[in-house]
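Below is one structure, written out as structure tokens; the observations come after it.
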Amino acid sequence: MQKQFNQLLPSWMHIDLNSCFATIEQQANPHLRGLPIAVAAYTTPRGCILAPSIEAKRFGVKTGMQVREGKSLCPHLLILPSDPPKYRFVNQALTKLFNEYTPSVSVRSIDEMLLNFDYLNSQQIKQMWVTRAKDSQTEPHSVDPARIGGYYARSLGQARGRTHTNNQLISFAQEIKTRIKSEIGEWLTVSVGISTNPYLAKLAAGLHKPDGLDEINGQNILSILSLLKLVDLPYIKERNEIRLNSVGIKTPVDFYCATHQQLKAAFQSINGYYWYLRLHGQSVDEIEWQRKSIGHQYALPKRTSNVSEVEQLLCKLVEKTGRRLRRNNLTAQGIHLSLGYEDGYWHQGHKLHDPIYTTSELFTASKQLLEQALPLNPVRSLAITCFNLAANLYTQTTLFHDELKKRALTQALDVINDRWGEFSVVPATMLRIQREGKVLDRIAFSGIRDLAEVVLKEDQQMEREEIY
Amino acid sequence: MSSKIAEKVSVNLVYNHVAGTVIPQHIKWKTHVYTVTKVGLHYTVFQGNTLLHLFAVVNDTNYFLLSFNTKTLHWQLEEIADNVTN
Numbered sequence: 009m010q011k012q013f014n015q016l017l018p019s020w021m022h023i024d025l026n027s028c029f030a031t032i033e034q035q036a037n038p039h040l041r042g043l044p045i046a047v048a049a050y051t052t053p054r055g056c057i058l059a060p061s062i063e064a065k066r067f068g069v070k071t072g073m074q075v076r077e078g079k080s081l082c083p084h085l086l087i088l089p090s091d092p093p094k095y096r097f098v099n100q101a102l103t104k105l106f107n108e109y110t111p112s113v114s115v116r117s118i119d120e121m122l123l124n125f126d127y128l129n130s131q132q133i134k135q136m137w138v139t140r141a142k143d144s145q146t147e148p149h150s151v152d153p154a155r156i157g158g159y160y161a162r163s164l165g166q167a168r169g170r171t172h173t174n175n176q177l178i179s180f181a182q183e184i185k186t187r188i189k190s191e192i193g194e195w196l197t198v199s200v201g202i203s204t205n206p207y208l209a210k211l212a213a214g215l216h217k218p219d220g221l222d223e224i225n226g227q228n229i230l231s232i233l234s235l236l237k238l239v240d241l242p243y244i245k246e247r248n249e250i251r252l253n254s255v256g257i258k259t260p261v262d263f264y265c266a267t268h269q270q271l272k273a274a275f276q277s278i279n280g281y282y283w284y285l286r287l288h289g290q291s292v293d294e295i296e297w298q299r300k301s302i303g304h305q306y307a308l309p310k311r312t313s314n315v316s317e318v319e320q321l322l323c324k325l326v327e328k329t330g331r332r333l334r335r336n337n338l339t340a341q342g343i344h345l346s347l348g349y350e351d352g353y354w355h356q357g358h359k360l361h362d363p364i365y366t367t368s369e370l371f372t373a374s375k376q377l378l379e380q381a382l383p384l385n386p387v388r389s390l391a392i393t394c395f396n397l398a399a400n401l402y403t404q405t406t407l408f409h410d411e412l413k414k415r416a417l418t419q420a421l422d423v424i425n426d427r428w429g430e431f432s433v434v435p436a437t438m439l440r441i442q443r444e445g446k447v448l449d450r451i452a453f454s455g456i457r458d459l460a461e462v463v464l465k466e467d468q469q470m471e472r473e474e475i476y
Numbered sequence: 303m304s305s306k307i308a309e310k311v312s313v314n315l316v317y318n319h320v321a322g323t324v325i326p327q328h329i330k331w332k333t334h335v336y337t338v339t340k341v342g343l344h345y346t347v348f349q350g351n352t353l354l355h356l357f358a359v360v361n362d363t364n365y366f367l368l369s370f371n372t373k374t375l376h377w378q379l380e381e382i383a384d385n386v387t388n
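If you read the sequences in order, they're chains A and E.
Just so you know, we're using this note's numbering here: the first sequence kicks off at 9 and counts up by one.
Just so you know, we're using this note's numbering here: the second sequence kicks off at 303 and counts up by one.
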């Protein structure tokens, strides 16, 4: 009955910081520990709960609920506004810690990281083991594996490792858990999942929360899947469940035992085969896709159909988007605007003739899109996205516009904002919202690729500070 | 109840070279001196190119967020909260 599960030793570790924002707030303020708290986008009754604490979850409070819903389930629920610098700092501290175990750490989101220990399986390690054994005239099994792994790890840079055994990653995980508590914060707990591919490692990390540690391998996968429902699997929600049900797959065990032809029929695409590989512990999700777009979204605290107010907010979103575009040394040749209404979305995008780069160009292009949306219904959210990204290589495209001058001005403004803080110099359109402090700092729920860039920039600044 | 303060304060800070710890011990704000009982979190942020060290600390009843500006070497009390924050 058992299909061919990947025979290699587990080399992926998924680490999930439990109730991330709320736990970090409890770490910062010990008076909040043990209390039901929730971090919300806005602390007003309609504000969205971003992270309930473990204590609040016991009352049924969930991410995505409105503050008033949370309070109806738990009248003593304490609501806190989000404080992104704290969360970024903890994320950076965790990344630094994990880098001591492997050089391959991928930050999946603010609270999820994926560690790859493939280097422990490498031929080089095995070769080194054999060579050292011959040199010391001993049998391979009598060589201290820790020494060999340590040697290889040092040669990799910072990674600290030993030769790979069945429970090697388990002991790494236990050590990581202890070090998080002693070096970053005693209130922080993580759930760790270990397996032969990132998907099953993520599934394992979700089995026991908080503070779990589980491994999924060929021996236990069926027993683990038999305890779950289809929608308990990551990335399987109602629509995928319907697809699977349509070919007679009702449970995760059916899903695992299905042939790839059956899965291809269910998903009507190559995705069926990818699911087959994923569930059997084979590699399929390891590719880091190139960035395709950069954008920002903003949920308004109060709905508005006032065009000038929407324009001001748009200007600030465009400024943030432009800064990120330039920090990554990219240009965009397409722009997309989305307006969220009470009953749905209006959205429109267009490709541009020339690549754009400056905030004023982005604002002009987005305003043209906004004009197409008039008259406005009450807007509840606003999103701007740049696409068709390319490296920012200056090429003379026109005789009549002084492109270099425009770019030099933008770079000068960026230097001022780098030195004195974001939005020290802003377009006049933004002055009013600047005073009112609208468009708060936020952390994306999914990928946070720019975090790595921010960390790098901050590390460089730290080095500069130390030099001076 | 949490309140933004953003006022200059005096802080006694103790650095222990053996343990490698840096702990604000007393905060003088207006006429009161508060004794810190625990440092919850110490983290850093950049304001432009100025590095700020932020200390989230508590005494028996209150939570304080202190910032130390590495350019001016000044301390500021950013935020204060009692232990029931709503």
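C-beta: ideal position from N, C-alpha, C; glycine also.
Keep in mind it's a predicted model, so treat the numbers as computed, not measured.
Within chain E, the residues that residue i reaches when beta carbons sit closer than 8 Å
i: residue 479 of chain A; result: Nothing can be reported for residue 479 of chain A, as the shown portion of chain A is limited to 9 through 476.
i: residue 432 of chain A; result: 350
Closer than 9 Å at the beta carbon, the chain E residues around residue i
i: residue 46 of chain A; result: What residue 46 of chain A touches in chain E: nothing, since even the nearest Cβ is about 11 Å away.
i: residue 80 of chain A; result: Near residue 80 of chain A there are no residues of chain E at all, since even the closest Cβ is about 15 Å away, more than 9 Å.
i: residue 193 of chain A; result: 342, 343
Residue j beta carbon less than 8 Å from that of residue i
i: residue 377 of chain A; j: residue 313 of chain A; result: no
i: residue 358 of chain A; j: residue 342 of chain A; result: yes
i: residue 47 of chain A; j: residue 63 of chain A; result: no
i: residue 359 of chain E; j: residue 341 of chain E; result: yes
i: residue 310 of chain E; j: residue 381 of chain E; result: no
i: residue 428 of chain A; j: residue 350 of chain E; result: yes
i: residue 390 of chain A; j: residue 322 of chain A; result: yes
i: residue 241 of chain A; j: residue 285 of chain A; result: no
i: residue 344 of chain A; j: residue 325 of chain A; result: no
i: residue 228 of chain A; j: residue 291 of chain A; result: no
i: residue 192 of chain A; j: residue 21 of chain A; result: no
i: residue 184 of chain A; j: residue 105 of chain A; result: yes
i: residue 196 of chain A; j: residue 188 of chain A; result: yes
Where residue i falls, given that 16 or more other Cβ within 10 Å makes a residue buried
i: residue 419 of chain A; result: exposed
i: residue 222 of chain A; result: buried
i: residue 412 of chain A; result: exposed
i: residue 157 of chain A; result: Only weak support exists for where residue 157 of chain A lies, its pLDDT of 39 falling under 50; the value from the coordinates is given anyway. By the 10 Å Cβ count, residue 157 of chain A comes out buried.
i: residue 128 of chain A; result: buried
i: residue 352 of chain A; result: exposed
i: residue 280 of chain A; result: buried
i: residue 326 of chain E; result: buried
i: residue 319 of chain E; result: exposed
i: residue 334 of chain A; result: buried
i: residue 235 of chain A; result: exposed
Under 9 Å from the C-beta of residue i: neighbouring residues of chain A
i: residue 365 of chain E; result: 36, 37, 38, 39, 40
DSSP-derived helix/strand/coil call for residue i
i: residue 195 of chain A; result: coil
i: residue 327 of chain E; result: strand
i: residue 22 of chain A; result: strand
i: residue 91 of chain A; result: coil
i: residue 237 of chain A; result: coil
i: residue 359 of chain A; result: strand
i: residue 426 of chain A; result: helix
i: residue 318 of chain A; result: helix
i: residue 307 of chain E; result: strand
i: residue 148 of chain A; result: Because residue 148 of chain A sits at a pLDDT of 38, beneath the cut-off of 50, its placement in the model cannot be relied upon, and the following sentence gives the value as read from the coordinates. Three-state result, residue 148 of chain A: helix.
i: residue 54 of chain A; result: coil
i: residue 350 of chain A; result: coil
i: residue 285 of chain A; result: helix
i: residue 311 of chain A; result: strand
Cross-chain neighbours of residue i in chain A, by beta carbon under 7 Å
i: residue 360 of chain E; result: 37, 38, 39
i: residue 322 of chain E; result: Those within 7 Å of residue 322 of chain E in chain A number zero; the least Cβ separation is about 11 Å.
Same chain, Cβ closer than 7 Å to residue i, neighbours up to 5 away in sequence not counted
i: residue 288 of chain A; result: 11, 12, 13, 14
i: residue 59 of chain A; result: 27, 28, 29, 30, 46, 47, 71
i: residue 363 of chain A; result: 339, 340, 341, 398
i: residue 433 of chain A; result: 421, 424, 425
i: residue 250 of chain A; result: none
i: residue 361 of chain E; result: 336, 337, 338, 339
Any non-hydrogen atom of the ligand FAD closer than 7 Å to residue i Cβ
i: residue 350 of chain A; result: With respect to small molecules bound, the structure shown includes none, and the ligand FAD cannot be examined in it.
Proximal residues of chain A, C-beta to C-beta of residue i below 8 Å
i: residue 340 of chain E; result: 38
Proximal residues of chain E, C-beta to C-beta of residue i below 7 Å
i: residue 354 of chain A; result: Correct list: empty, because the minimum Cβ distance to chain E is about 36 Å.
i: residue 97 of chain A; result: 345, 346
Cβ neighbours of residue i in the same chain (closer than 8 Å, five flanking residues each side left out)
i: residue 388 of chain A; result: 307, 308, 311, 348, 349, 350
i: residue 50 of chain A; result: 56, 75, 89, 309
Contacting residues, own chain, Cβ-Cβ under 6 Å from residue i (five flanking each side not counted)
i: residue 352 of chain E; result: 373
i: residue 78 of chain A; result: 46, 57, 69, 85
i: residue 266 of chain A; result: 257
i: residue 283 of chain A; result: 271
i: residue 331 of chain E; result: 311, 379
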